[in-house]
Amino acid sequence: MVEKTGATFPIGYGLKVPEDADKVGAYWEERRGIIHATNFTLGPDRKVLQACFATGPIGRITAVDASSSIRGTKKRKSQGGN
Numbered sequence: 031m032v033e034k035t036g037a038t039f040p041i042g043y044g045l046k047v048p049e050d051a052d053k054v055g056a057y058w059e060e061r062r063g064i065i066h067a068t069n070f071t072l073g074p075d076r077k078v079l080q081a082c083f084a085t086g087p088i089g090r091i092t093a094v095d096a097s098s099s100i101r102g103t104k105k106r107k108s109q110g111g112n
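Under the numbering used here, think of the first position of the sequence shown as 31, with each following residue one higher.
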């Protein structure tokens, strides 16, 4: 997937329902065998900084939202905040 998108960061896909969904705390649907949208922002230490879970189209994080959040986090850290 990373090769196809040109992303410079790891992308998780092809997860197994329910095993992998349960590992990350994602919502999953037995009837359709799907994991609902689950987004994480990870820090350099690979710890979760933010998580966004959705069971439908409302509340899903966009690339623009993720970029804005990451920039805000970097700015706060450079100013001595958390």
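Just so it is clear, CB atoms sit at the ideal spot from N, CA and C, and this is done for glycine as well. In this text, all values refer to a predicted model and were calculated from it rather than measured experimentally.
A distance below 7 Å between beta-carbons, with the five flanking residues on each side excluded, links R62 to no residue of its chain.
With a threshold of 16 other beta carbon atoms within 10 Å, A56 meets it and is buried. Counting only the Cα atoms, K46 lies some 28 Å from I100.
Bridge pairing for V54: absent [DSSP]. If you check the CB distance, L79 and T103 come in under 8 Å.
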